[in-house]
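Below is one structure, written out as structure tokens, with a few remarks after it.
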Amino acid sequence: MTISNAFQTFLNEAPEHAKAWLGAVHGLDGASALDKKTEELAYLAVLAAARLTSGIPFHVQSAKAAGATREEVISAVLIGLPAVGNTVIEALPVALAAYDGEG
């Protein structure tokens with residue numbers, strides 16, 4: 001899986017912070033009632049709406065590994081259009097490149 005340079009730097013340079021962060025992430029993941037594919041697609045929607053494109057390749061790959069189709073990834077990225085507007089389209093090329101193995 002591809003992780004962003006920023007996240008890799010976080011893991012390398014602040015290992016105790018990263019350990020605490022990842023503990024919270026795993027705890028929240030375990031508490032979720034969503035299946036893995038749905039959870040990853042929902043997270044892609046949040047990343048797109050928040051304009052946090054650096055995390056999109058990793059989560060697209062996770063969604064794909066959980067069985068998400070290319071069309072589902074597109075829908076997840078664009079689901080925020082009514083709420084946050086066309087800023088979500090910035091995430092679309094990043095998501096598709098990751099899905100298609102280019103990112």
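All residue numbers for the sequence shown refer to the UniProt record's numbering, where the first residue is 1 and numbers rise by one. All residues carry an ideal CB built from backbone N, CA and C; glycine is no exception. A quick note: this is a predicted structure, and the numbers were derived from the prediction, not measured.
Which residue's Cα is closest to the Cα of residue 113: ARG70, MET1, ALA33 and GLY85? Because residue 113 is not part of the residues shown, which for the chain are 1 to 103, the question remains open.
So, for residue 104: in the same chain, excluding its five sequence neighbours on each side, which residues have a beta-carbon less than 8 Å away from its beta-carbon? What is shown of the chain runs 1 to 103, which leaves residue 104 out entirely.
Is GLY30 close to the ligand FAD? I mean its beta-carbon at under 8 Å from any heavy atom of the ligand. Although the ligand FAD was asked about, the structure shown includes no ligands whatsoever.
Is it buried or exposed, ILE56, if we count other Cβ atoms within 10 angstroms and call 16 or more buried? Numbered from 1 along the sequence shown, position 56 holds the residue referred to as residue 56. By the neighbour-count rule (16 or more Cβ atoms within 10 Å), ILE56 is buried.
Please confirm whether ALA68 and LEU34 have their CB atoms less than 9 Å apart. Within the sequence shown, numbered from 1, the residue matching residue 68 stands at position 68. Within the sequence shown, numbered from 1, the residue matching residue 34 stands at position 34. For ALA68 and LEU34, no; Cβs fall outside 9 Å.
Given a cut-off of 9 Å, decide if ALA91 and ALA22 are closer than it, judged by their beta-carbon atoms. Along the sequence shown, one-based indexing puts residue 22 at 22. Along the sequence shown, one-based indexing puts residue 91 at 91. According to the sequence shown, residue 22 is Leu rather than Ala. Not a contact, by the Cβ cut-off of 9 Å.
Kindly list the residues whose CB is nearer than 7 Å to the CB of ALA63, restricted to its own chain and excluding five residues on each side of it in sequence; keep chain order. Walking along the sequence shown from the start, residue 63 turns up at place 63. Counting only Cβ-Cβ distances below 7 Å, and skipping sequence neighbours, we find LYS37, GLU40, LEU41, LEU44 and VAL73.
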